[in-house]
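Chemist:
Okay, here's the thing in structure tokens:
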């Protein structure tokens, strides 16, 4: 584990509806460990320093915390200290290593050590004496007397923080004595293909890529996002090869997706987004191991109860026993089996209530005292029945753990014994031993090259026998998972192809991957559709965020391009004779710009035109205008050439003139007199159109009626290219600034597109 990697372990939470919440920002593990040491008394730090065999530093007690932290960070030193430990402490460090987390609650660690058959108090004492772990109490104080701490019940919120080097230097240690192997007949051996979690996580990635999840101020997911995931049959649908059900599956897959970084938090945002498509190329082959490790450390999901509710004060107990169960199974030789009922009995010998649902305020330690009371209370209660005994009985907790998530993750094999009852028996799989660092990577499954059937309706049937995690990742990039079961179904849609294009795939690459694994030649319609969708996508460029800079003339734009800083990243793109598109607004040299006005498109349009004395000329005030006014003016007015005498020096005003021809153009395009009156009231400094505009309107209306009465071959003029551009650029978002020193001294306007529609306009005043 990387020392500076954030430790999410103690910061997961869930909504009351079961959706996994976004973890809060936490302190890096090494920093958290150091801060815990700094709360120790000086005498205690001297004792740790001496126990590590370090020379007298001659430093103040407060400096010892940093010295101990730095010394343990040396890998060889940490390995040498760990080699001197007894079985109990080494089992404890194995738990930290297997879950890849530096934080374990006091209740959870004591519960796990008790189920491993070791006394938790002396075991943890030894780790504390050497500084391999530090204790952090909710009240912030330190005590070395764990027994007294437990007696007064002050364990709520207490946790142990291991030095990050403990995780890298530890080795897997097995408990003693080993489980008693089953020696009878083994029937109906079953082993999953291990693809179910990968397929479900791929579907989660696609759904979040289509619509990112949003968090409230409390960190919970919005109900709309929760319902969208929980109602998705691909995420919440039943598993075909299931021995035990998985509760709250949508929330479970979501938690695992976040744990392996398939879903990530967007910076400076309240959204949870999908990881880049490159994630699949880099991590797909290791994804089964990553998912299994994350399951071992998942604290907020119970194999029978599902996701923990928000605000619950009960800490779940079963999540801390997942590595314990796997360690016990590893005590068996390869090929040996154990009956789940016998395994359950072994755990109850160490801790009668090992399968408790959670921890309340009472401590999980001091198992001897609790065991005595529990034996008396449970002496008359029969042992929990196996899932195969009787009818209607709830499955045992151990069966839910082993035959539920552990089986689906490919960590165990399941079978039944040769008895009349057919008791369930299990053994560790090759992947399970590899997760525990006790064996080599599992051999690759035999695959079939041609396992796809591409149909003309763009549906793809895939057979699981040919799939692997890397192939699942490849198809997830451009095809939508629509059904997960014994047979799988994908769909090719325009949106899925666009996702592939955005992820760097080309149409030939997508078609090649389909053709390579298809049983038949690809239908011509499918190939043509992929090329057509790709062609449409290539004709449209989408910018999640961009800035438009508008100039008064084409010459001004060309001067700006000629003097644009070369080190400003992506070069601006001229999308018209007066507009530049800048993808990264930080590359614009704003020191040469001065904000002259602001425009928010969520508000109503402002009055930005003045009617001159002749009644037919309109003068545009750039500081109050927006990018929509051009699209409105071009319908019934024509722009005049720039007159340097108007406006301020170097910033001539744009002027438009109304004529019978321009009014006729507006009438031909559907403009009415009431529309014109309403526009003048909103956009100009007068309440009603001037008399000349009404006069031109009557002339154009009479001419239009005459034209309709006597059809001719002439047709109304088509909108000019400037009209089309005006309608297009009206979609821009923010506008902001004008060049503020020569030679870029003409009026400019920039707009920035970032989700909502808002702009700011700017104009320039010459600098002396």
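Numbering (my numbering), first residue to last: 27 to 794.
Every residue, glycine too, gets a C-beta built ideally from N, C-alpha and C.
1. Are the CB atoms of residue 188 and residue 128 within a distance shorter than 7 Å?
2. Return the CA-CA distance between residue 393 and residue 140, expressed in angstroms with no decimal places.
3. For the putative contact between residue 286 and residue 316, defined by C-beta atoms under 8 Å, what is the C-beta separation to the nearest angstrom?
4. Select from 358, 684, 212 the residue whose C-alpha is nearest the C-alpha of residue 201.
5. Mind checking whether residue 341 and residue 133 have CB atoms under 7 Å apart?
6. In the DSSP assignment, find the beta strand (DSSP E) that holds residue 606 and state where it starts and stops.
7. Taking the Cβ atom as the reference point for each residue, do residue 447 and residue 210 lie within a distance shorter than 7 Å?
8. Would you decide whether residue 106 is buried or exposed? Buried here means 16 or more other CB atoms lie within 10 Å of its CB.
9. For residue 6 and residue 712, what's the separation of their Cα atoms in angstroms?
10. May I ask you to report which of helix, strand or coil DSSP gives residue 544?
11. At the level of alpha carbons, what is the spacing between residue 256 and residue 610?
12. Alpha carbon to alpha carbon, how far is residue 220 from residue 302? Give it in angstroms, no decimals.
13. Suppose contacts are defined by Cβ-Cβ distances below 7 Å. Is residue 709 in contact with residue 633 by that definition?
14. Near residue 664, which residues of its chain fall below 7 Å by C-beta distance, leaving aside the five closest residues on each side in sequence?
15. Answer with buried or exposed for residue 437, where buried requires no fewer than 16 other C-beta atoms within 10 angstroms of its C-beta.
16. Is residue 79 buried or exposed, if buried means 16 or more other CB atoms sit within 10 Å of its CB?
17. Suppose only complete runs of 3+ residues qualify. What are the beta strand (DSSP E) ranges in the segment 174-249, listed by chain order?
18. Would the segment 652-666 and the segment 691-706 be scored as touching if the rule is three or more Cβ pairs under 8 Å?
19. Mind the definition here: the segment 536-553 touches the segment 579-591 only if three or more C-beta pairs lie below 8 Å; say whether that holds.
20. Which residue marks the beginning of the beta strand (DSSP E) containing residue 130, and which one marks its end?
21. Just how far apart, CA to CA, sit residue 312 and residue 382?
22. Are the beta-carbon atoms of residue 296 and residue 241 separated by less than 7 Å?
23. Should the segment 509-529 be called in touch with the segment 270-286, which here means at least 3 C-beta pairs below 8 Å?
24. Got a sec, what are the start and stop residues for the alpha helix (DSSP H) residue 315 sits in?
25. Tell me the residue span of the alpha helix (DSSP H) that contains residue 368.
26. For residue 606 and residue 575, which I take to be in contact (beta-carbon distance under 8 Å), what is that distance rounded to the nearest angstrom?
27. So what's residue 86 in DSSP terms, helix, strand or just coil?
28. Return the CA-CA distance between residue 117 and residue 291, expressed in angstroms with no decimal places.
29. Which partner residues does residue 327 have in the DSSP bridge list?
30. Which stretch, first to last residue, makes up the beta strand (DSSP E) that contains residue 518?
31. Straight-line CA distance for residue 550 to residue 458?
32. Based on Cα-Cα distance, which residue from 146, 111, 224 lies nearest to residue 199?
33. DSSP on residue 479, reduced to helix/strand/coil?
34. Based on DSSP bridge pairs, tell me the residues matched to residue 821.
35. State the start and end residues of the unbroken beta strand (DSSP E) segment that holds residue 589.
36. Let me check you understand the geometry: is the CB of residue 540 closer than 6 Å to at least one non-hydrogen atom of the ligand ADP?
Modeler: In short, the structure shows the following:
1. Residue numbering aside, residue 128 sits at position 102 when the chain shown is read from its first letter. Residue numbering aside, residue 188 sits at position 162 when the chain shown is read from its first letter. Cβ atoms of residue 128 and residue 188: closer than 7 Å.
2. In the chain shown, the residue the question calls residue 393 occupies position 367. In the chain shown, the residue the question calls residue 140 occupies position 114. In this predicted model, residue 393 has a pLDDT of only 48, less than 50, meaning its place in the structure is not dependable enough to derive any value.
3. As a position in the chain shown, residue 286 is number 260, starting the count at 1. As a position in the chain shown, residue 316 is number 290, starting the count at 1. So it is a contact: roughly 5 Å between Cβ atoms.
4. Reading the chain shown from its first residue, position 175 is the one you call residue 201. Nearest of 358, 684, 212 to residue 201, Cα basis: 358.
5. By 1-based counting over the chain shown, the position of residue 341 is 315. By 1-based counting over the chain shown, the position of residue 133 is 107. For residue 341 and residue 133, yes; Cβs fall inside 7 Å.
6. As a first step, residue 606 is located in the chain shown; it is residue number 580 there, counting from the start. Looking at the DSSP string, the run of the beta strand (DSSP E) that includes residue 606 is 605-608.
7. Against the chain shown, residue 447 aligns to sequence position 421. Against the chain shown, residue 210 aligns to sequence position 184. Cβ atoms of residue 447 and residue 210: not closer than 7 Å.
8. Reading the chain shown from its first residue, position 80 is the one you call residue 106. Flag for residue 106 reads exposed.
9. This structure does not reach residue 6, given that the chain is present from 27 up to 794, and the question cannot be answered.
10. By one-based count along the chain shown, residue 544 stands at place 518. It is a strand residue.
11. Taking the first residue of the chain shown as position 1, residue 256 is located at position 230. Taking the first residue of the chain shown as position 1, residue 610 is located at position 584. Each residue's alpha carbon lies about 37 Å from the other.
12. Counted from its first residue, the chain shown places residue 302 at position 276. Counted from its first residue, the chain shown places residue 220 at position 194. Approximately 24 Å between the Cα atoms of the pair.
13. For the purposes of this step, residue 709 is taken as the residue at position 683 of the chain shown. For the purposes of this step, residue 633 is taken as the residue at position 607 of the chain shown. In this structure, residue 709 lies near residue 633, with their beta-carbon atoms less than 7 Å apart.
14. Here residue 664 is taken as the residue at index 638 of the chain shown, counted from 1. Excluding the 5 residues flanking it on each side, residue 664 has same chain C-beta neighbours closer than 7 Å at 682, 683, 685, 688, in chain order.
15. The sequence position of residue 437 within the chain shown is 411, counting from 1. Buried, because 16 or more other Cβ atoms sit within 10 Å of the Cβ of residue 437.
16. Position 53 of the chain shown holds residue 79. By the 10 Å Cβ count, residue 79 comes out exposed.
17. 185-188, 212-216
18. yes
19. The segment 536-553 makes no contact with the segment 579-591, as fewer than three CB pairs between them are under 8 Å.
20. Translated into the one-based positions of the chain shown, residue 130 becomes position 104. Per DSSP, residue 130 belongs to the beta strand (DSSP E) from 129-131.
21. As a first step, residue 312 is located in the chain shown; it is residue number 286 there, counting from the start. As a first step, residue 382 is located in the chain shown; it is residue number 356 there, counting from the start. Whole-angstrom Cα-Cα distance: 33 Å.
22. Indexing the chain shown from 1 puts residue 296 at position 270. Indexing the chain shown from 1 puts residue 241 at position 215. Yes, the pair counts as a contact, with Cβ atoms nearer than the cut-off.
23. no
24. Locating residue 315 in the chain shown gives position 289, counting from the first residue. Run containing residue 315: 313-322, per the alpha helix (DSSP H) assignment.
25. The sequence position of residue 368 within the chain shown is 342, counting from 1. Taken as a continuous stretch (DSSP letters only), the alpha helix (DSSP H) holding residue 368 covers 366-376.
26. Walking along the chain shown from the start, residue 606 turns up at place 580. Walking along the chain shown from the start, residue 575 turns up at place 549. Contact holds; Cβ gap of about 4 Å.
27. Reading the chain shown from its first residue, position 60 is the one you call residue 86. DSSP places residue 86 in coil when its eight states are reduced to three.
28. Along the chain shown, one-based indexing puts residue 117 at 91. Along the chain shown, one-based indexing puts residue 291 at 265. About 34 Å.
29. Working through the chain shown from its first residue, we reach residue 327 at position 301. Residue pairing for residue 327: DSSP places it in a beta bridge opposite 333.
30. Translated into the one-based positions of the chain shown, residue 518 becomes position 492. Neither: residue 518 is in no beta strand (DSSP E) and is coded neither H nor E.
31. Locating residue 550 in the chain shown gives position 524, where the first residue counts as 1. Locating residue 458 in the chain shown gives position 432, where the first residue counts as 1. Cα to Cα, residue 550 sits roughly 45 Å from residue 458.
32. What you label residue 199 is simply residue 173 of the chain shown in a count that begins at 1. Residue 111 is the option with its Cα nearest to residue 199.
33. Taking the first residue of the chain shown as position 1, residue 479 is located at position 453. Three-state DSSP puts residue 479 in a strand.
34. No answer is possible for residue 821: the residues shown for the chain start at 27 and end at 794.
35. Counting from 1 along the chain shown, the entry for residue 589 is found at position 563. Neither: residue 589 is in no beta strand (DSSP E) and is coded neither H nor E.
36. Looking for the ligand ADP in the displayed structure turns up nothing, as the structure carries no ligands at all.
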